[in-house]
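The opening position of the sequence shown corresponds to residue 49 in this note's numbering, with each subsequent residue numbered one higher.
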Amino acid sequence: MHPFDLLWIFFILSALQPVLKQRMLEASRQRLIAKIEKKRSSRVILLVHRQETMSLLGFPVFKYIDIQDSEEVLRAIYMTDPDVPLDIVLHTPGGLVLASLQIARALKKHKGKVTVFVPHYAMSGGTMIALAADEIVMTESSVLGPVDPQLGEYPAASIVKLTQQKSTDKIEDKSLIMADVAAKAIKQVEEAVYELLDGKVDEAKARELAKTLSEGRWTHDYPITFEEAQKLGLNVSKDMPAEFLQLLSLYPQPVRKMPTVEYLPIPKKSKQ
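#1: Which first and last residues belong to the beta strand (DSSP E) in which Asp135 is found?
#2: Suppose you measure from the CA of Leu80 to the CA of Glu291; what does that come to, to the nearest Å?
#3: Pair every Cβ in the segment 247-261 with every Cβ in the segment 226-235, then say whether three or more of these pairs are closer than 8 Å.
#4: According to DSSP, is Glu183 helix, strand or coil?
#5: Taking the beta carbon of Pro108 as the centre, do at least 16 other beta carbons fall within 10 Å, making it buried, or is it exposed?
#6: Just how far apart, CA to CA, sit Gly200 and Ile113?
#7: Sort out for me which residues DSSP pairs Asp246 with in a bridge.
#8: Could you name the residues of the same chain whose beta carbon sits closer than 6 Å to that of Val208, not counting the 5 residues immediately before and after it, in chain order?
#9: Count the other C-beta atoms from every protein chain shown that fall within 10 angstroms of the C-beta of Ser189, then say buried if there are 16 or more, exposed otherwise.
#10: Between Val166 and Leu192, is the Cβ-Cβ spacing less than 8 Å?
#11: For a quick check, are the C-beta atoms of Arg98 and Lys111 less than 8 Å apart?
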């Protein structure tokens, strides 16, 4: 064989390697999902968002819950018999209220038990989806987040607060319009959260939780830990099956030039 032919073979194999690796990863995910579904007699649906870096300029592009996600999740729910339990794995920074609420309402209407698993984090719209579940399973380190609406780059609650601290004749018309929209957004999200909690806790508690999570009490990235979720009155547990942690590991972050976290991927046992 001519050396030039070997060079071509090398280039072809190099080009195919990422594709083959991705196919093997997808196959591993499908096998593990099938294994979990058989073990739990449930439908497993994952909503996983990772940050991707564009190679041209290197700036981050964040994935979030969008309409396409809600369409796919709803399709999976509709393909599932009403009495079959749903196991939802969430790993997301949040996203569109419309998309998140569509998913949450569909989960609430499902007759079978709905369990949401949060191996790492489910913020904002992810938390809204989790509130529709019969049970939220977390780890000691995983977190939820507030669901207060955001208007562009600003929290709705902060926009409303502006009108309370300044005279309206000193505020631009655009800011007044934004404040009006912000107040409506907060009210709408509060009512939506109450709707999701209604029937899961008593009415007074549902109203209290809806207000707490939507009013802008914290910054939007405030981490609600397992302990705090318990204090708030959410139905959370720490019985996270190992299979779900393993499943999330099969959704790796896109490769960067240099890893920021590195370790030997083997269990470390204490010496007896």
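We put the CB at the ideal spot given by N, CA and C, even for glycine.
Well, looking at it:
#1: Residue 135 sits at position 87 when you count from the first residue of the sequence shown. Asp135 -> beta strand (DSSP E) spans Leu134 to His139.
#2: On the sequence shown, residue 80 is found 32 positions in, with the first residue counted as 1. On the sequence shown, residue 291 is found 243 positions in, with the first residue counted as 1. Approximately 8 Å between the Cα atoms of the pair.
#3: no
#4: Taking the first residue of the sequence shown as 1, we reach residue 183 at position 135. Here Glu183 sits in strand by DSSP.
#5: Counting from 1 along the sequence shown, the entry for residue 108 is found at position 60. In this prediction, Pro108 has a pLDDT of 46, which is less than 50 and means its spatial position is unreliable; what the coordinates show is noted afterwards. With fewer than 16 other Cβ atoms within 10 Å, it is exposed.
#6: Against the sequence shown, residue 200 aligns to sequence position 152. Against the sequence shown, residue 113 aligns to sequence position 65. In a straight line, the C-alpha of Gly200 is about 16 Å away from that of Ile113.
#7: Residue 246 sits at position 198 when you count from the first residue of the sequence shown. Asp246 pairs with Val249.
#8: Here residue 208 refers to the residue found at position 160 of the sequence shown. Counting only Cβ-Cβ distances below 6 Å, and skipping sequence neighbours, we find Ala227, Ala230 and Ala231.
#9: For the purposes of this step, residue 189 is identified with residue 141 of the sequence shown, where counting begins at 1. So Ser189 ends up on the exposed side.
#10: Within the sequence shown, numbered from 1, the residue matching residue 166 stands at position 118. Within the sequence shown, numbered from 1, the residue matching residue 192 stands at position 144. Closer than 8 Å, so yes.
#11: Position 50 of the sequence shown, counting from 1, holds the residue named residue 98. Position 63 of the sequence shown, counting from 1, holds the residue named residue 111. Yes; because the gap between Cβ atoms is below 8 Å, this pair is in contact.
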